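First comes the structure, then the notes that go with it.
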Amino acid sequence: MHALKRWRYGILAAIGRGGSVGVWQCPVALLLSIMTTRKKGSVVGEISASAQAMRPLIGFLEHEVQPMIVLDPDYNIVAANAAYQRQFAGDGTQYVGRKCYQVSHGYEVPCDKAGEHCPMQKARETLGSDRVLHVHHTPRGPEHVDVELRPIKGPDGAIMAFVERLATVKSASARASAGGLVGRSPAFNVAVEQLHRVAPSALPVLLQGESGTGKEVFARALHDASDRAAGPFVVVDCSGLSEALFESELFGYEKGAFTGAIARKPGLVETAQQGTLFLDEIGDVPLTMQVKLLRLIESRTFRRVGGLETHSADFRLVAATHKPLQQMVAQGTFRQDLLYRINAFPIHLPSLRERPDDIPLLAQSLLRRAVPQAHSLRIDSEALSRLCAYGWPGNIRELRNALERAMLFADDEVIRAKDLPPELTELQGRSVQPPVVHTSPLQRGQPAVMPDDAELRRLAREFAGTRKALAAHIGCSERTLYRRLSALGLASSK
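So the number in the numbering used here is just where the residue sits in the sequence shown, counting from 1, plus 678.
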């Protein structure tokens, strides 16, 4: 993965995987010439008129293997390289001269006006670079994209253009998938963005979330996105190990170390050499064993049970828990120094209550995973409404179980409300629109259903010109509201 390190005086430096440094010059004078000599009129006409001036810039962009585009301050795409054309534009698609938010999101307003984080707006405010994870429309469908934008300043210090580098995030899918992380809700995207940031580093990661939120799937995605992806991914189920077994399972043992040790056995730490060691439910590690775990993490050495030789350990540590470790430290059941070591980069995994917009997408993905032929199954609108309205205390694990049960009753390959577990069939039918989460303190975590079209039209008139206030009143994000308003032809309201 490339990371932009410096842009000064028109020089872009990018550091590649192998530590090699490639430097390409994009002179400020070149962009000044392009931006100041363009003739008045349509954007496409301006770009056509300055085609000769564009050639050196496009030549510069072609040196970069990652997709890159140049934007003017009015959000227009003025140049792009072939990598961008291949990955995001599609064959025959006209993108130069169009607004970036139209191409990437299908919006008619800038991202910040649609409830998204807009890197250009942030760069204007800070006069510096910005980086964000977005879900972009591509020829293949929606995809998570890491967007890094940097401003280009003229001699007077004013921003005259922006260069944007885009990288598809392969650790998660914004479409239904038979494996891996799936979702595109704001809460899910925050977790994926954090994964994408920390994966190339060696920092220990602590995954925190309720049971059933997919911590092991997330840990594996982190491993696959890291430089240790070719190494082993070793899972240690801390909740299933007694104090007597913990040391021998983790560190291994020598022949004759105890009764029944008829041969040397390597431990899980040794198995994870040059890979990732995933300590699942680390909050269940016995207090007496926590000091030995701390010593392993700090010294990167261990000794097998019954052995005298010290061995080196080379692994990336990822831990996970659903327990409140800070409270456990206060209660004296978890070591504070161990918490400091494993908590270098905490990531919160959202519950389904925090990402209800993802339930239809997750349901489709889980059906594909349960049975290879499940693509022929579908969920009718009433059943989908029940799935979206339910609170899911067991999160994704409970959703998977509910769907696998329903599949047994779907004789005509359609899952209906009557096929769902009793706790869902007892719910009254609700709108098929995916619910959103209220963010007020009194209602946080309680899923609500978006108003129907007629009610939303009425509310849009009532809150005319104040889309942010309308989103707060309904209890949804501005992005979700913008999409509903766009479908009704009402997205022009602010």
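Every residue, glycine too, gets a C-beta built ideally from N, C-alpha and C. Nothing here was measured: the structure is a model prediction, and the numbers come from that model.
Same chain only: Cβ atoms within 8 Å of residue i, ignoring 5 sequence neighbours per side
{"i": "residue 746", "result": "739, 758, 759, 761, 762, 841, 842, 843 and 844"}
{"i": "residue 857", "result": "1047"}
{"i": "residue 1159", "result": "793, 1145, 1148, 1149 and 1152"}
{"i": "residue 1072", "result": "889, 890 and 1079"}
{"i": "residue 953", "result": "901, 906, 909, 910, 911, 912, 993 and 994"}
{"i": "residue 972", "result": "1013, 1015, 1016 and 1019"}
Exposed unless 16 or more other CB atoms sit within 10 angstroms - verdict on residue i
{"i": "residue 1095", "result": "buried"}
{"i": "residue 748", "result": "buried"}
{"i": "residue 965", "result": "exposed"}
{"i": "residue 828", "result": "buried"}
{"i": "residue 933", "result": "exposed"}
{"i": "residue 1167", "result": "exposed"}
{"i": "residue 1010", "result": "exposed"}
{"i": "residue 707", "result": "Low confidence applies to residue 707: its pLDDT is 46, below 50, so where it sits in the model is not reliable, and the reading given next is rough at best. When all chains shown are included, residue 707 counts as exposed."}
{"i": "residue 879", "result": "exposed"}
{"i": "residue 1182", "result": "Coverage of the chain is limited to positions 679 through 1172, which leaves residue 1182 absent and any answer about it impossible."}
{"i": "residue 772", "result": "exposed"}
{"i": "residue 1045", "result": "buried"}
{"i": "residue 719", "result": "Because the pLDDT at residue 719 is just 42, under 50, the model does not fix this residue reliably, and the point stays unresolved."}
{"i": "residue 764", "result": "exposed"}
{"i": "residue 821", "result": "buried"}
{"i": "residue 805", "result": "exposed"}
{"i": "residue 808", "result": "buried"}
{"i": "residue 784", "result": "exposed"}
Distance between residue j and residue i (C-alpha atoms, nearest Å)
{"i": "residue 1029", "j": "residue 868", "result": "13 Å"}
{"i": "residue 1164", "j": "residue 792", "result": "10 Å"}
{"i": "residue 1176", "j": "residue 927", "result": "The question about residue 1176 has no answer, for the chain in this structure spans 679 to 1172."}
{"i": "residue 800", "j": "residue 768", "result": "28 Å"}
{"i": "residue 1086", "j": "residue 1070", "result": "21 Å"}
{"i": "residue 741", "j": "residue 974", "result": "45 Å"}
{"i": "residue 812", "j": "residue 823", "result": "5 Å"}
{"i": "residue 1049", "j": "residue 993", "result": "35 Å"}
{"i": "residue 1054", "j": "residue 898", "result": "29 Å"}
{"i": "residue 991", "j": "residue 835", "result": "51 Å"}
{"i": "residue 885", "j": "residue 941", "result": "36 Å"}
{"i": "residue 755", "j": "residue 814", "result": "15 Å"}
{"i": "residue 712", "j": "residue 1137", "result": "Since pLDDT at residue 712 reaches only 48, below the 50 mark, its modelled position is unreliable, and no value is offered."}
{"i": "residue 1092", "j": "residue 1038", "result": "15 Å"}
{"i": "residue 778", "j": "residue 798", "result": "10 Å"}
{"i": "residue 950", "j": "residue 883", "result": "16 Å"}
{"i": "residue 1006", "j": "residue 825", "result": "39 Å"}
{"i": "residue 787", "j": "residue 780", "result": "8 Å"}
{"i": "residue 937", "j": "residue 969", "result": "25 Å"}
{"i": "residue 1126", "j": "residue 830", "result": "For residue 1126, the pLDDT reaches just 40, beneath the cut-off of 50, and the residue's location in the model is therefore unreliable, leaving the point undetermined."}
{"i": "residue 870", "j": "residue 955", "result": "20 Å"}
{"i": "residue 1035", "j": "residue 978", "result": "42 Å"}
{"i": "residue 872", "j": "residue 1100", "result": "37 Å"}
{"i": "residue 802", "j": "residue 1090", "result": "56 Å"}
Contact belief for residue i with residue j at Cβ below 8 Å, rounded distance in angstroms
{"i": "residue 895", "j": "residue 874", "result": "Not really, about 16 Å apart at Cβ, beyond 8 Å."}
{"i": "residue 947", "j": "residue 929", "result": "6 Å"}
{"i": "residue 1098", "j": "residue 1040", "result": "Actually they are not in contact, since the Cβ atoms of residue 1098 and residue 1040 sit about 15 Å apart, beyond 8 Å."}
{"i": "residue 1102", "j": "residue 1064", "result": "5 Å"}
{"i": "residue 865", "j": "residue 859", "result": "Their Cβ separation, rounded to whole angstroms, is 13 Å, which puts residue 865 and residue 859 out of contact at 8 Å."}
{"i": "residue 1074", "j": "residue 892", "result": "5 Å"}
{"i": "residue 626", "j": "residue 839", "result": "With the chain represented from 679 up to 1172, any question about residue 626 goes unanswered, as that position is not in the structure."}
{"i": "residue 1162", "j": "residue 1134", "result": "6 Å"}
{"i": "residue 967", "j": "residue 1012", "result": "The pair is not a contact, with the Cβ atoms about 12 Å apart (cut-off 8 Å)."}
Cβ shell of residue i (< 6 Å), same chain only, five flanking positions each side left out
{"i": "residue 1042", "result": "854"}
{"i": "residue 795", "result": "810"}
{"i": "residue 818", "result": "none"}
{"i": "residue 1068", "result": "1102"}
{"i": "residue 931", "result": "939, 943, 982, 983 and 984"}
{"i": "residue 1175", "result": "An answer regarding residue 1175 cannot be provided, because it is not within the stretch 679 to 1172 covered by the chain."}
{"i": "residue 1175", "result": "The chain is shown only over 679 to 1172; residue 1175 falls outside these bounds and no answer can be derived."}
{"i": "residue 881", "result": "1022 and 1023"}
{"i": "residue 877", "result": "900, 903 and 904"}
Residues near residue i by beta carbon distance below 7 Å, same chain, minus five either side
{"i": "residue 1082", "result": "1048"}
{"i": "residue 916", "result": "957, 958, 959, 960, 962 and 963"}
{"i": "residue 685", "result": "Low confidence applies to residue 685: its pLDDT is 35, below 50, so where it sits in the model is not reliable, and the reading given next is rough at best. Excluding residues within five positions, the ones whose Cβ falls inside 7 Å are 828."}
{"i": "residue 976", "result": "1019"}
{"i": "residue 1033", "result": "861, 863, 865 and 866"}
{"i": "residue 743", "result": "761"}
{"i": "residue 1088", "result": "1055 and 1097"}
Closer than 7 Å: residue i CB and nearest the ligand GDP heavy atom
{"i": "residue 862", "result": "No copy of the ligand GDP appears in this structure; indeed no ligand is present at all."}
CB contact below 8 Å: residue i versus chain D
{"i": "residue 1074", "result": "Given the protein chain composition of this structure (a single chain), no chain D is represented."}
Mind the definition here: the region 981-992 touches the region 1018-1035 only if three or more C-beta pairs lie below 8 Å; say whether that holds.
no
Quick test of the definition: if touching needs 3 or more C-beta pairs under 8 Å, does the region 904-921 touch the region 1013-1025?
no
Does the region 993-1002 touch the region 952-970, meaning 3 or more C-beta pairs lie closer than 8 Å?
yes
Give a yes or no on contact between the region 1058-1074 and the region 1010-1017, applying the rule of three or more CB pairs nearer than 8 Å.
no
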